[in-house]
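Shown next, in structure tokens, is the structure this report addresses.
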Amino acid sequence: PAPNQIDLHRSTYEELRVAKIYTRTRQDMCLALGYNSDDDHSEDDEGEGRMYTERTYHDNGALKFQRTYQSMPAKAHPDGRYLPPAERTTEEKHFSPEGTCMLEVYFGLGQPYLSRKHCWANGKVKSEKLFYVEDERTMKSRKSGHWRTYYEQGGIESEVQYDGNGMRCSYCKRYAPDGSIEWCKDYTKDYINRVQTANVHTGNTFSGADEAMRILGFPQGRFPKTLHEVNRQYRRQCTLLHPDKSDAPDAALRFEEATRARDLLLRLFEASS
Numbered sequence: 019p020a021p022n023q024i025d026l027h028r029s030t031y032e033e034l035r036v037a038k039i040y041t042r043t044r045q046d047m048c049l050a051l052g053y054n055s056d057d058d059h060s061e062d063d064e065g066e067g068r069m070y071t072e073r074t075y076h077d078n079g080a081l082k083f084q085r086t087y088q089s090m091p092a093k094a095h096p097d098g099r100y101l102p103p104a105e106r107t108t109e110e111k112h113f114s115p116e117g118t119c120m121l122e123v124y125f126g127l128g129q130p131y132l133s134r135k136h137c138w139a140n141g142k143v144k145s146e147k148l149f150y151v152e153d154e155r156t157m158k159s160r161k162s163g164h165w166r167t168y169y170e171q172g173g174i175e176s177e178v179q180y181d182g183n184g185m186r187c188s189y190c191k192r193y194a195p196d197g198s199i200e201w202c203k204d205y206t207k208d209y210i211n212r213v214q215t216a217n218v219h220t221g222n223t224f225s226g227a228d229e230a231m232r233i234l235g236f237p238q239g240r241f242p243k244t245l246h247e248v249n250r251q252y253r254r255q256c257t258l259l260h261p262d263k264s265d266a267p268d269a270a271l272r273f274e275e276a277t278r279a280r281d282l283l284l285r286l287f288e289a290s291s
């Protein structure tokens, strides 16, 4: 570490104590005098991380509710704010009188993701949801990962993906009970198109236009003069790249690139007109 900089693994015990990194007493002992583990009461701060489990029951005696949580004492935030005490749930389950688990919540210690799984009365999964928890005390969260819902008799009803910002991304779909797709949208494609449009208006288009011209097969450094020229070159590329006409394994991807390249150049013409 740099001079006067504390490092958890390289600094000495004394340095870590002075810096108040270690707030407990080092566990020193003399084994020559013998050691009885039953008399060891030196670890006296375990109350802070203690886990509690509470349960309730239906009238028929079957388990109705079970929750395991960790008690978090009040403390001062580094910026001076007061953080009130809270209970951090790690696992929660709800059961029907027949013993079916209707809801399961899991929020493992040391990780920021909380998952919720609902079930139908017949035991089949109803929905699966994932949250990114920003604050363990207030439980401020946002949607994350894959969200899915299912029909009561089985079969997926919807699947939606969320990115790190809690926004829908990639392909999201909804299905009919017979499995046919009723709705599908590529949100990431929309975001890419909007980024390109935003860059057009801010003047950051040189590298994007350069790449688009290369994809469509224009000579390097020569910008197309008309919309007709862009569309003509695009049609030529479609003849070569369309998945229905090409056996190349990446034909679909290259066809998509050509389409986006054409759209970018068309927007450039629209912005300059």
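According to this note's numbering, the residues represented by the sequence shown are 19 to 291, in order. The C-beta atom is built at its ideal place from N, Cα and C for all residues, glycine as well.
Test item: CB-CB of residue i and residue j under 7 Å
| i | j | result |
| --- | --- | --- |
| Tyr131 | Leu148 | yes |
| Glu184 | Arg160 | It should be noted that the sequence gives Gly, not Glu, for residue 184. Yes, the pair counts as a contact, with Cβ atoms nearer than the cut-off. |
| Ala230 | Leu271 | no |
| Ile174 | Tyr150 | no |
| Thr71 | Lys82 | no |
| Ala279 | Leu234 | yes |
| Lys158 | Glu152 | yes |
| Gln119 | Phe113 | Residue identity differs from the one stated: residue 119 is Cys in this sequence, not Gln. It is a contact, given that the beta carbons lie within the stated cut-off. |
Cα-Cα separation, residue i to residue j
| i | j | result |
| --- | --- | --- |
| Ser55 | Glu122 | 39 Å |
| Gly163 | Thr206 | 14 Å |
| Glu177 | Gln45 | 53 Å |
| Pro115 | His136 | 16 Å |
| Asn140 | Gly197 | 20 Å |
| Leu34 | Gln129 | 26 Å |
| Ala276 | Asn249 | 11 Å |
| Asn22 | Thr215 | 50 Å |
| Lys111 | Glu146 | 14 Å |
| Thr223 | Trp201 | The predicted position of Thr223 is uncertain, since its pLDDT is 45 and thus under 50; a value taken from the coordinates is nonetheless stated next. Going from the Cα of Thr223 to the Cα of Trp201 covers about 33 Å. |
| Ala80 | Tyr87 | 21 Å |
| Thr156 | Ser133 | 17 Å |
| Lys93 | Ala37 | 19 Å |
| Leu127 | Glu154 | 10 Å |
| Gly187 | Glu274 | It is worth fixing the name first, because residue 187 is Cys in this sequence and not Gly. About 17 Å. |
| Met69 | Asp57 | 23 Å |
| Ala269 | Ile24 | 55 Å |
| Gly182 | Tyr209 | 14 Å |
| Lys203 | Phe287 | 27 Å |
| Ile199 | Glu170 | 18 Å |
| Tyr31 | Leu51 | 25 Å |
| His246 | Arg253 | 11 Å |
Range of the contiguous beta strand (DSSP E) that encloses residue i
| i | result |
| --- | --- |
| Glu146 | Val143 to Val151 |
| Glu154 | Segment: none, Glu154 is in no beta strand (DSSP E) and carries neither H nor E. |
| Glu177 | Ile174 to Tyr180 |
| Ala104 | Ala104 to Phe113 |
| Gly52 | Premise fails: Gly52 is in no beta strand (DSSP E) and is neither H nor E. |
| Glu122 | Cys119 to Tyr124 |
| Ile199 | Ile199 to Asp204 |
| Ser188 | Arg186 to Tyr193 |
Where residue i falls: helix, strand or coil (DSSP)
| i | result |
| --- | --- |
| Cys256 | helix |
| Glu72 | strand |
| Ala276 | helix |
| Thr244 | coil |
| Thr86 | strand |
| Arg28 | coil |
| Thr371 | With the chain covering only 19 through 291, there is no way to say anything about residue 371. |
| Thr167 | strand |
| Tyr100 | strand |
| Leu132 | strand |
| Arg250 | helix |
| Lys263 | coil |
| Leu127 | coil |
| Ala80 | coil |
| Ala270 | helix |
| Ala139 | coil |
| Ala94 | strand |
Whole-angstrom C-beta distance between residue j and residue i, which should lie under 8 Å
| i | j | result |
| --- | --- | --- |
| Met47 | Tyr40 | Their Cβ separation, rounded to whole angstroms, is 17 Å, which puts Met47 and Tyr40 out of contact at 8 Å. |
| Glu109 | Ser89 | That pair is no contact at about 15 Å. |
| Trp165 | Tyr189 | No, Trp165 and Tyr189 are not in contact; Cβ-Cβ is about 13 Å, not under 8 Å. |
| Glu66 | Pro102 | Actually they do not touch by this definition, with Cβ atoms about 15 Å apart. |
| Gly172 | Lys142 | 6 Å |
| Phe241 | Gln251 | Wrong, their Cβ atoms sit about 12 Å apart, outside the cutoff. |
The alpha helix (DSSP H) enclosing residue i, as first and last residue numbers
| i | result |
| --- | --- |
| Glu33 | Tyr31 to Val36 |
CB contact check: residue i to chain B, cutoff 7 Å
| i | result |
| --- | --- |
| Gln255 | Absent here is chain B; the protein component of the structure consists of one chain. |
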